[in-house]
Amino acid sequence: MCAVPIIRRGLMLSAATALLPRAATAQPGIPAPASMTARANAGTVGVIAGGVDGTYIRIAADLAAVLDDGDRLRVLPIIGRGSVQNISDLLFVRGIDIAIVQSDALAFVRRRRLFPGVSQAIQYVAKLYDEEVHILAGPDVTRIEDLADRPVNVDVPGSGTAMTASLLFEALNMAPKVLNDPQDVALERLRLGEIAALVYIAGKPARLFSSLPAGSGMHFVSLPMTAALLDTYLPTQLGHAQYPALVQADAPVDTLAVGAVMAAYAWPPGTERFRKVATFVEALSTRFEHFLRPPRHPKWREVNLEAQVPGWVRFNPAQPGPPPRWRP
């Protein structure tokens, strides 16, 4: 699923109804196309997430499964291209009200001055969970320093992985040859020995690695716990329980984690879009316990809806928010 059908849905409906016989639109008791369109969109909230192999899209699918409530609220999960692109889409693309992004994404776009005034246009609904840095390498790579001047894939431009990878390599004073293939393509290139490693930021266990057999020669590389990195990221490990084919039971791999955030566009209070986001936030709080049960993603059990996100402003459905800077 992608954003295009949502953006063009009104146009598609208008074109389709233009071909209907006059009797079909004029008969008593048949709703007018305009009222049908308004009703279909009244409770719809678009949530842009991540790629098909990542955790974000599974979280968005859980949101749809748990929160959909007929005409009052309908959640549409949308495949995204990463945290930086998700922020751009949240600012500019019609039909998107919520975005799942990495917690360091807002600071990144502010530092790069990609979207001036973005701090007033985006707020957070909740901190979700921590995502782990996965560096998967071939058999000839034993430590992170071995990747210097070698081809390393960091996902597509604008992705959260590409963003965080650039920050990590800068902090480690490393300069690999960065590639920007989609992760499934990169995994195949790593299998063939065409690249030295790939970087992937995702909540463990990441589905991308689920098909790798034991004895493939590929393995996760440890990240050093430097003071510069620990100022921004949290220390964690990748274990045998999550990746039995890649991690030995007695040898967990040290790595870092970055928080995932559910962000919302700061619609003016009193508008229809503000009301829909407020309804979404209320439903999330009211039905949160349903996310803690199977078959929902295990990462939900790490979520604390009251947790604060440094550097972000929380969306408050009961109080006025800043006026939008990007949308009409």
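Per the working numbering, the sequence shown runs over residues 10 to 337. Heads up, the beta-carbon is just placed ideally off N, CA and C, and yes, glycines get one too. Quick caveat: nothing in here was measured; it's all calculated off a predicted structure.
Between D113 and T46, the C-beta spacing is not below 8 Å.
Taken through DSSP and simplified to helix, strand or coil, N50 comes out as helix. C-alpha of E315 to C-alpha of G126: approximately 26 Å in a straight line.
Listed as beta-bridge partners of G268 by DSSP are D139. Across the structure, P185 and V163 are spaced so that their CA atoms are roughly 10 Å apart. In the same chain as V262, and ignoring 5 residues on each side of it, the C-beta atoms closer than 7 Å to its own belong to F229, S231, Q246, L247 and V256, in chain order. Following the DSSP letters along the chain, one finds I210 in no alpha helix (DSSP H) but inside the beta strand (DSSP E) bounded by residues A206 to A211. Under the three-state reduction of DSSP, G55 is assigned to strand. If you ignore the 5 residues before and after G202, its C-beta comes within less than 8 Å of the C-beta of G147, all in its own chain and listed in chain order. Looking only at T295, R120, H299 and V134, the smallest Cα-Cα distance to I107 is reached by V134.
In the three-state scheme derived from DSSP, where H, G and I count as helix and E and B as strand, D71 is classed as helix. Here N182 is exposed, its C-beta having fewer than 16 other C-beta atoms within 10 Å. Residues of the same chain with a CB within less than 8 Å of the CB of T235, apart from the 5 flanking positions on each side, are A180 and L181 in chain order.
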